[in-house]
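Novice: What follows is a single structure, and I will ask about it in a moment.
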Amino acid sequence: MRKIEKAFCHLNLETEKKSGRIKDWAKPFRNEEIITSEPMKVETYDELVGLVARILHYNREHVIYFRGQGVDYKEKSKSTILPSIYRKKPREKVRDIKVRFKTLEEKSKKLIEWLDLKKVPFAGTHLVKKYPEIAWTILQHYEVCDSPLIDVTHSLHVACSFALNGKSTGESGIIYLIGLPWQTDAIGYDSFQELVSLRLLSVCPPSAKRPFFQEGYLAGPFPNYKLNEPSRIEQFDFNRRMLAKFEITYSDSFWGDGFEIIPKPKLMQDNDLFTLEMKDLKK
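All letters in the sequence shown, in the order written, are residues 46 to 328 by my numbering.
Encoded structure:
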């Protein structure tokens with residue numbers, strides 16, 4: 046995927062905060078500076094909304110998505126946002142990417158076979174058969190197997206909930222802002238930026254409730270060319286599209302009036318029909 050070389054980011058906001066002056070004309074920072082920097086610490090959700098609004102305003106050429114994580118994972122001092130299929134697992138000496146893609150291919154076939162066997166077909170089944178990325182989406186979202194896609198959301202509230210779920214008072218989480226191309230359809234293929242993005246609310250069968258509660262999107266590299274080549278892993282890291290990162294802390298005062306964390310069971314919807322069926326597919 047192509048890199049966003051420069052962007053107005055959290056480093057601009059920190060510079061303004063220290064100087065006490067708003068500099069809308071401040072020069073953008075390079076991608077290397079953004080991904081090697083520390084996240085900007087934010088005290089409240091209202092403050093975060095205001096800062097995110099600034100980032101959105103000065104990066105209007107991109108659609109900005111959010112990703113909430115418990116930790117700012119780094120490799121060689123750089124934040125890394127690799128799709129799960131490319132991540133190194135604990136106690137793993139070598140990432141066998143080709144084996145993982147073989148598993149993805151097999152599970153995708155099994156998913157389609159399972160959908161075909163349903164006496165009453167799920168709405169949206171035909172899309173899963175037509176577009177391999179949609180099958181990957183379901184397998185990824187329901188943790189059946191790894192895929193070359195990453196989960197993002199259009200909801201800052203959802204992203205903050207993911208970042209803070211499971212945390213105790215005083216512990217922190219990370220919010221990434223990721224810039225993707227504008228898209229006019231449920232599946233956006235951008236040959237110039239070498240990216241695909243999927244609006245899960247439009248492509249997933251409505252029986253799969255989890256994507257709807259998460260206001261989920263997925264994004265990945267495009268075209269589907271040598272995605273299983275280990276030497277290309279760095280090209281598939283979404284730190285190349287990072288516009289900002291913020292650190293938020295679990296506390297009674299973070300959410301303020303009118304907002305609260307979305308509980309994990311509500312986000313994960315472990316009782317929806319797809320969750321139950323995907324457990325068998327995962328085996």
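Using N, Cα and C, we set each Cβ at its ideal position, and we do this for glycine too. Computed from a prediction, not measured in an experiment: that's the story for all the values here.
Which same chain residues, not among the five before or five after G115, have their C-beta less than 6 Å away from its C-beta?
Specialist: For the purposes of this step, residue 115 is taken as residue 70 along the sequence shown, with counting starting at 1. Here the set comprises G218.
Novice: Which residues does DSSP pair with Y221 in a beta bridge?
Specialist: Within the sequence shown, the letter at position 176 stands for residue 221. Y221 is bridged to R112 and K290.
Novice: Any idea what DSSP makes of T81, helix, strand or coil?
Specialist: By 1-based counting over the sequence shown, the position of residue 81 is 36. Three-state DSSP puts T81 in a helix.
Novice: Out of curiosity, what's the CA-to-CA distance linking Y270 and L240?
Specialist: One-based indexing of the sequence shown puts residue 270 at position 225. One-based indexing of the sequence shown puts residue 240 at position 195. When rounded, the distance between both Cα atoms is 12 Å.
Novice: For the beta strand (DSSP E) that contains P256, what are its first and last residues?
Specialist: By 1-based counting over the sequence shown, the position of residue 256 is 211. Per DSSP, P256 belongs to no beta strand (DSSP E); it is in the alpha helix (DSSP H), R255 to F258.
Novice: Cβ of L288 within 8 Å of Cβ of N104?
Specialist: To locate residue 288, count along the sequence shown from 1; it is residue 243. To locate residue 104, count along the sequence shown from 1; it is residue 59. Yes. Within cutoff.
Novice: Give the straight-line distance between the Cα atoms of S298 and T214, rounded to the nearest whole angstrom.
Specialist: Taking the first residue of the sequence shown as position 1, residue 298 is located at position 253. Taking the first residue of the sequence shown as position 1, residue 214 is located at position 169. Those two C-alpha atoms are separated by around 10 Å.
Novice: Report yes if the C-beta distance between V189 and A180 is below 8 Å; otherwise report no.
Specialist: For the purposes of this step, residue 189 is taken as residue 144 along the sequence shown, with counting starting at 1. For the purposes of this step, residue 180 is taken as residue 135 along the sequence shown, with counting starting at 1. Taking 8 Å as the Cβ cut-off, V189 and A180 do not qualify as a contacting pair.
Novice: Since L222 and I100 should fall inside the 8 Å C-beta cutoff, what is the C-beta to C-beta distance between them, to a whole number of angstroms?
Specialist: Indexing the sequence shown from 1 puts residue 222 at position 177. Indexing the sequence shown from 1 puts residue 100 at position 55. Right, their Cβ atoms sit about 6 Å apart.
Novice: Within a Cβ cutoff of 6 Å, which residues of the same chain sit near I307, ignoring the five residues on either side of it in sequence?
Specialist: Locating residue 307 in the sequence shown gives position 262, counting from the first residue. Answer for I307: S206, listed in chain order.
Novice: Roughly how many angstroms lie between the CA atoms of C249 and H186, to the nearest whole one?
Specialist: As a first step, residue 249 must be located in the sequence shown, where it is residue number 204. As a first step, residue 186 must be located in the sequence shown, where it is residue number 141. Approximately 10 Å between the Cα atoms of the pair.
Novice: Do the region 261 to 270 and the region 224 to 244 touch if we need at least three Cβ pairs shorter than 8 Å?
Specialist: The region 261 to 270, when compared against the region 224 to 244, does touch it at the 8 Å Cβ threshold.
Novice: From K63 to S200, what does the alpha carbon distance come to, in whole angstroms?
Specialist: Along the sequence shown, one-based indexing puts residue 63 at 18. Along the sequence shown, one-based indexing puts residue 200 at 155. Approximately 29 Å between the Cα atoms of the pair.
Novice: Give a yes or no on whether the C-beta atoms belonging to F257 and L312 are separated by under 8 Å.
Specialist: Within the sequence shown, the letter at position 212 stands for residue 257. Within the sequence shown, the letter at position 267 stands for residue 312. Against a cut-off of 8 Å, the Cβ pair of L312 and F257 comes out as no contact.
Novice: Would V87 pass as a contact of F319 if the rule is Cβ separation under 8 Å?
Specialist: Along the sequence shown, one-based indexing puts residue 87 at 42. Along the sequence shown, one-based indexing puts residue 319 at 274. No. Outside cutoff.
Novice: Can you tell me whether T198 is helix, strand or coil according to DSSP?
Specialist: Position 153 of the sequence shown, counted from the start, is the residue given in the question as residue 198. Three-state result, T198: strand.
Novice: Taking DSSP's pairing of strands, which residues face I232 in a bridge?
Specialist: Residue mapping note: residue 232 aligns to position 187 of the sequence shown, counting from 1. Looking at the DSSP assignment, I232 forms a beta bridge with L243.
Novice: In whole angstroms, what separates the C-alpha of T294 from that of S236?
Specialist: Within the sequence shown, numbered from 1, the residue matching residue 294 stands at position 249. Within the sequence shown, numbered from 1, the residue matching residue 236 stands at position 191. Their Cα atoms are separated by approximately 38 Å.
Novice: Classify G303 as helix, strand or coil using the three-state DSSP reduction.
Specialist: Against the sequence shown, residue 303 aligns to sequence position 258. Of the three classes helix, strand and coil, the one that applies to G303 here is coil, per DSSP.
Novice: When the Cα atoms are used, what is the spatial distance from P193 to F281?
Specialist: Taking the sequence shown and counting its residues from 1, one reaches residue 193 at position 148. Taking the sequence shown and counting its residues from 1, one reaches residue 281 at position 236. Straight-line Cα distance between these residues: approximately 8 Å.
Novice: Alpha carbon to alpha carbon, how far is E178 from N284?
Specialist: Translated into the one-based positions of the sequence shown, residue 178 becomes position 133. Translated into the one-based positions of the sequence shown, residue 284 becomes position 239. Computed Cα separation, rounded: 21 Å.
Novice: Would Y262 and V197 be called neighbours here (beta carbons separated by less than 8 Å)?
Specialist: On the sequence shown, residue 262 is found 217 positions in, with the first residue counted as 1. On the sequence shown, residue 197 is found 152 positions in, with the first residue counted as 1. A contact, by the Cβ cut-off of 8 Å.
Novice: Pick out whichever of E158, Y131, I232 and G95 has its Cα sitting closest to the Cα of R145.
Specialist: One-based indexing of the sequence shown puts residue 145 at position 100. It is Y131 whose Cα lies nearest to the Cα of R145.
Novice: Do the CB positions of N273 and I142 come within less than 8 Å of each other?
Specialist: Stepping through the sequence shown from its first residue, residue 273 is reached at position 228. Stepping through the sequence shown from its first residue, residue 142 is reached at position 97. Closer than 8 Å, so yes.
Novice: Relative to the alpha-carbon of G301, which residue among C54, L93, R75 and K155 has its alpha-carbon at the smallest distance?
Specialist: As a working note, residue 301 is residue 256 in the sequence shown. Ranking the options by Cα distance to G301, first place goes to L93.
Novice: What residue from H102, H107 and K121 has the CA that sits closest to S82's CA?
Specialist: Position 37 of the sequence shown, counting from 1, holds the residue named residue 82. Minimum Cα distance to S82 is reached at K121.
Novice: Report yes if the CB atom of W227 is closer than 8 Å to the CB atom of V97, and no otherwise.
Specialist: As a working mapping, residue 227 is identified with position 182 in the sequence shown. As a working mapping, residue 97 is identified with position 52 in the sequence shown. Not closer than 8 Å, so no.
Novice: Could you check what DSSP says for E92 in three-state terms: helix, strand or coil?
Specialist: If you number the sequence shown from 1, residue 92 lands on position 47. Helix.
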